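Q: Protein chains in written order, with this note's numbering: chain F, 16 to 428; chain C, 16 to 428.
#1: With distances taken between CB atoms, is the gap from residue 196 (chain C) to residue 133 (chain C) smaller than 8 angstroms?
#2: Kindly provide the ranges of any alpha helix (DSSP H) runs that are 4 or more residues long and lie completely inside the stretch 393-419 of chain C, ordered along the chain.
#3: Taking 8 angstroms as the CB-CB cut-off, is residue 201 (chain C) touching chain B?
#4: Let me check one thing: in DSSP terms, what residues is residue 301 (chain C) bridge-paired to?
#5: Around the C-beta of residue 24 (chain F), are 16 or more other C-beta atoms found within 10 angstroms, so that it is buried, or is it exposed?
#6: Alpha carbon to alpha carbon, what distance is there between residue 278 (chain C) and residue 426 (chain C)?
#7: Identify which residue in C:251, C:266, C:250, C:193 has its Cα closest to the Cα of residue 213 (chain C).
#8: Output, in chain order, the set of chain C residues within a Cβ distance shorter than 7 angstroms of residue 209 (chain F).
#9: Residues of chain C with a CB under 7 angstroms from the CB of residue 260 (chain F): which are they?
#10: Of the choices F:372, F:380, F:323, F:381, whose alpha-carbon is the least far from that of residue 401 (chain F)?
#11: Name the chain F residues whose beta carbon is nearer than 8 angstroms to that of residue 92 (chain C)?
#12: Indicate whether at least one CB of chain C lies closer than 8 angstroms to the CB of residue 185 (chain F).
#13: Across which residues does DSSP place residue 240 (chain C) in a beta bridge pair?
#14: Scan the stretch 101-174 of chain C and note each continuous beta strand (DSSP E) run of 3 residues or more that stays entirely inside, going in chain order.
#15: Spell out a yes or no on whether the stretch 83-94 of chain C and the stretch 133-144 of chain C are touching, meaning 3 or more CB-CB pairs, one atom from each, closer than 8 angstroms.
#16: Answer yes or no: does any C-beta atom of chain F fall closer than 8 angstroms to that of residue 88 (chain C)?
#17: For residue 198 (chain C), would you say it is in contact with chain F, using Cβ-to-Cβ distances shorter than 8 angstroms as the test?
#18: Quick test of your reading: residue 238 (chain C) and residue 393 (chain C), contact by CB under 8 angstroms. State the CB separation rounded to the nearest angstrom.
#19: Quick check on residue 171 (chain F): buried or exposed, where buried means 16 or more other Cβ atoms within 10 Å of its Cβ?
#20: At a cut of 8 angstroms, does the stretch 272-287 of chain C reach the stretch 317-331 of chain C through at least three beta carbon pairs?
#21: Skipping 5 residues on each side, what residues in its chain have a beta carbon closer than 6 angstroms to that of residue 110 (chain C)?
#22: Would residue 264 (chain F) count as contacting chain C if we go by Cβ distances under 8 angstroms?
#23: When the distance is taken between beta carbons, is residue 56 (chain C) closer than 8 angstroms to residue 414 (chain C)?
#24: In chain F, what lies closer than 8 angstroms to residue 241 (chain C) by C-beta?
#25: Does the beta carbon of residue 212 (chain F) sit closer than 8 angstroms to a beta carbon anywhere in chain C?
#26: Check residue 53 (chain F) in the structure and name its three-state DSSP category.
#27: Count the other CB atoms, across all protein chains shown, that sit within 10 Å of the CB of residue 136 (chain F); report buried if there are 16 or more and exposed otherwise.
#28: Counting only beta-carbon atoms, is residue 345 (chain C) nearer than 8 angstroms to chain F?
#29: Return helix, strand or coil for residue 276 (chain F), following the three-state DSSP convention.
#30: Could you pull the start and end residues of the alpha helix (DSSP H) that residue 320 (chain F) belongs to?
#31: If we ignore side chains and look at the alpha-carbon of each, how far apart do residue 358 (chain C) and residue 124 (chain C) end up?
#32: Let me make sure I understand the geometry here. Which of C:303, C:397, C:416, C:290 has the alpha-carbon closest to that of residue 121 (chain C)?
#33: Taking C-alpha atoms, which residue in F:62, F:312, F:71, F:316 lies nearest to residue 404 (chain F)?
#34: What residues from chain C crowd round residue 253 (chain F), counting only those whose CB sits closer than 7 angstroms?
#35: How is residue 222 (chain C) classed by DSSP in three states: helix, strand or coil?
#36: Terminal residues of the continuous alpha helix (DSSP H) containing residue 68 (chain F)?
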């Protein structure tokens, strides 16, 4: 029920900035785009040259998009409004915050945690992001560190010089949100582990290790991403890998996620589709969106996610049990419930989600043969490795080619 | 051969500060102590109360030790002289740097790497430590980060604002020394991985992953250690665990160590024994040391290490193949060679190494029963889990009781 409330709220949000383009829907598109950002539209701080061409193709003469577009990124260390401004600058047209899905955006739907005291880890405007998503009681790693100065001992220069007085009055933590990779991983890894081992009171002595541990919600499981350097850089998935490895080594048990969102999670695609449909409605196009084109550079998140969601769409009409979701016990549980609630509310006309892989980021066609011989699974532990889901529907050079391809398939221009 | 040179150098060093006590050897002790530091003599910055009593017992009226003592710690983020000063203050008597074995001290013996260009990670006086140990060409993580500004991208506030010029003239890295846990783990983890994947040229594009990778020498594999907080804190072993997990996830292969030293490695105990024997000689006691008492708080490093070394001593007279060393393929290779060279040079009278576990640190007797039911292996991946090696020869309350126990066993006071 609360989920529906969240959806109503987001719908109200989406209606707010009055958009243009009603007249352009003489032949409304029955399709929409989900664009990944890093490695597709930009690399680090530099725009990919094809991106501007692609958006000139997508826009009318007044710079207004003719096709619904959602920017679907696993970035999360910023506000949606900041990401929209950044994209506006890079693409040369107005992008609204309601077109942006960050890795954490679907947390809006997890209202069962909104009233709990949540520890948040990551960078950027964490507290503002958490509040915008509906979380009422938020504690940062830095606040926890200050409240318990004896916990964070790795940095010799930051160790307390004297024994501090005992901590009193600090709230018991009831859950953890991993928004994105933090700085000083040692501090976050230590304090999150302390919170999980102590059931939210990290000043206490360890008795039995509580298990299952407090709920952990994680956004963005990308192991690697492509910036300006020639080799890929560590993403939040690498931080999660460290946390999982430490928890397993220390306790002998597996860290469990109550939610694991961002691409390739189907919850994230379902949420993005919802925004795309709202956008089409706002544009006055009553024709339902039937086909999604997901353009990305990362086989493990963009292609895998789009194909997994495509399986989900295909199976939705028949039997839920057949959904790709069901393959992984982790990915199936709370996320699947959210998806189902979403689906039951907005009966959707969307039938397919095609994956289009570009060669301007992580994926390099020249390495494919070498990689095929010794495929290393860079996806998350909880998304079991189905090699068929790594095969893109289409491979093209860049995002401009991807847009052209979709237009040809749709016989639309 | 070079190893013998190193030993001669260390012997010369040991002779330097003329120690006292010749007259006290009317009945010279045939035993010596290896004392762990954290959790035995100090906790964080606070001395353990029993430590002063123990050293009053060990010293004569003039504050001179009557029994050879080596301080055997897995700390390594400092100079031996600084640790000696710290111990002198805590124990109320003069400790010399030659009595201190830090986690990295045995690297002095690995002279085959002393001429190579080595990347060093950790905290404290890294370059000074490396040079003192014999390494001639050292590059810090910070220098590497400055030379390749596009590699370290996790901290949003430290990312380069503009594309930097290509790096030229930076030396190719030929090996990695992991001295201890660094700060900003994400930076060290990323740059070390880059160096291993690029064969020492982290600005280059990734072709095939070189394997075996460049040599990695690691000091101190303690997963956890006990400071003032009620729960144990992350040690360098936790950092190593992260690095191993990342390397395996990214490449599909195992990270290998060319050396893995510090307790419980037998190389470290052999090196400590060597210093103990030198100290007895300097005291003018010609009676050979026959028995070692290793006092520690950590079953996984202190007890396991002493027992493993005891097995090694027992088997040394018979067959090398039976040594506990041989159980683990990793721990066996280069370290075992060093040990053998050490042994062949100084034929030793040492026959046993007894482990004495104290209850003032990591080990808590009240948790033993709970722990026994669900034993979690906190040792390093490369030291296979032999539960019998976790059983201390003796368990006592504190270090003062440990000294009394040894005196009683030796019928010495």
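C-beta: ideal position from N, C-alpha, C; glycine also. Since we're looking at a predicted model, the values are computed, not measured.
A: Inspection of the coordinates gives the following:
#1: no
#2: none
#3: The structure shown contains no chain B; the protein chains it does contain are F and C.
#4: Beta-bridge pairing links residue 301 (chain C) to no other residue.
#5: Summary for residue 24 (chain F): the model assigns pLDDT 37, below 50, so the residue's position carries little reliability, and this model does not support an answer.
#6: 29 angstroms
#7: C:266
#8: 246
#9: 256, 257, 260
#10: F:323
#11: 171
#12: no
#13: C:248
#14: 132-136, 152-155
#15: yes
#16: no
#17: yes
#18: 5 angstroms
#19: exposed
#20: yes
#21: 99, 102, 103
#22: yes
#23: yes
#24: Neighbours of residue 241 (chain C) on chain F: none; closest Cβ ~10 angstroms, over 8 angstroms.
#25: yes
#26: strand
#27: buried
#28: Because the pLDDT at residue 345 (chain C) is just 36, under 50, the model does not fix this residue reliably, and the point stays unresolved.
#29: strand
#30: 319-331
#31: For residue 358 (chain C), the predicted structure reports a pLDDT of 44, less than 50, and the residue's modelled location is therefore unreliable. A value from the coordinates is still provided. So the alpha carbons of these two residues sit roughly 13 angstroms apart.
#32: C:290
#33: F:316
#34: 261
#35: coil
#36: 64-73
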